[in-house]
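796 is the number of the first residue of the sequence shown in this note's numbering; add one for each residue after it. We treat Cβ as the ideally placed atom computed from N, Cα and C, and that holds for glycine. Notes for the one structure printed next.
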Amino acid sequence: MEIITATAEIGDRIREIRAQGRTIGFVPTMGALHPGHLSLVEKARADNDIVIVSIFVNPTQFNDNGDLEHYPRTFESDRSLLEEAQTDILFFPEAGELYHDEFRFKVTESPLSEELEGAHRPGHFDGVLTVVMKLLSLIRPDRAYFGEKDWQQFLLIRDMAAAFFLETEIVPCSLVREPDGLAMSSRNAHLSVEERQRAAFFPKVLRSCDTTDKKRRVLEDAGFEVDYLEERDGRTLGAVVLGSVRLIDNVRLSETETSP
Ligand code: PAF
């Protein structure tokens, strides 16, 4: 696996790969990789000649500096997981490489980016859309893979690619869960042992046949702080805070239990 940190160098490699007529599958990540990310890499491996993964903890999508500072950084284990998953190129830039414009230019969407996650994390989606636009412009992949765990993020990136006539196909990938049902997330590492046990109650409640109001009450009674809980596009989307960790998840209404 090649590791590239400079935008000029990745640009040269992309030109070579495209000149050889090979297809590129791209998986953007912020590192702290878990089996959910690896399922995206596996899909990219199956669909394309060359697989590129980026690791970049994108500062502009954090609306809270503490959250950015504490975001897990596990480069050595990420690197070996990506080698095992047969990644061809790992792109690992410094912030100055991607933000040489110092974030003067942004991609902003309205109204979806101001709702749900956006209502609780002002500016978050400007950061996400801008960095994804930069990465897609540099790498020009045939396909880019995004997890359905971040359903709102997937919708915004899919619509941005269409709005700017990007040639990349935006591929959604199913959410990967722990055996007890908790959605895999890099943030789960911050849960205490006791919180980790309680966290599995969140997807269980999302899947229950209760109304969203009832689900909210049940979660609050169990000690979760509920940021939002809404039915949209045939899914129940939710975000909760447990201790100091914010968890997001969504389930298709068709996955909802028919009996309590
Ligand atoms: O989902 C993520 O990990 C990030 O939001 C992404 C898409 C890599 C952009 O920084």
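Per the DSSP secondary-structure output, residue 1047 pairs in a beta bridge with 1030.
Taken in chain order, the whole beta strand (DSSP E) runs of length 3 or more contained in the segment 936 to 1005 are 938 to 942 and 964 to 968. Pairing residue 943 with residue 969 gives a Cβ-Cβ distance under 8 angstroms.
For residue 824, the secondary structure class from DSSP, reduced to helix, strand or coil, is strand.
In this structure, residue 824 has its CB closer than 7 angstroms to one or more heavy atoms of ligand 1.
For the 8 angstroms CB-CB criterion, residue 938 and residue 820 form a contact. Contact between the segment 852 to 862 and the segment 804 to 821 is not established, with fewer than three Cβ pairs separated by less than 8 angstroms. Here residue 926 has 853 as same chain residues with Cβ atoms under 6 angstroms from its own Cβ, once five neighbours each way along the sequence are excluded. Looking at the DSSP output, residue 1023 sits in a beta bridge with 1034.
Counting along the chain, the unbroken alpha helix (DSSP H) around residue 835 starts and ends at 830 to 842. Here the alpha carbon of residue 1022 sits roughly 33 angstroms from the alpha carbon of residue 888.
Bridge pairing for residue 849: 823 and 886 [DSSP]. The three-state secondary structure of residue 1042, taken from DSSP, is strand. Around the beta carbon of residue 823, 16 or more other beta carbons sit within 10 angstroms, so the residue counts as buried. Shown here, residue 1052 sits in coil according to DSSP, grouped into three states, outside any helix or strand.
A residue is called buried once 16 or more other Cβ atoms fall within 10 Å of its Cβ, and residue 1036, having fewer, is exposed. Boundaries of the alpha helix (DSSP H) harbouring residue 878: 870 to 879, taken from the DSSP string. Contact between residue 915 and residue 1034 holds: CB atoms are separated by about 7 angstroms, below the 8 angstroms threshold.
With 16 or more other CB atoms across the displayed protein chains lying within 10 angstroms of its CB, residue 994 is buried. For residue 912, the uninterrupted alpha helix (DSSP H) segment begins and ends at 912 to 915.
Ligand 1 has no heavy atom closer than 7 angstroms to the beta-carbon of residue 966.
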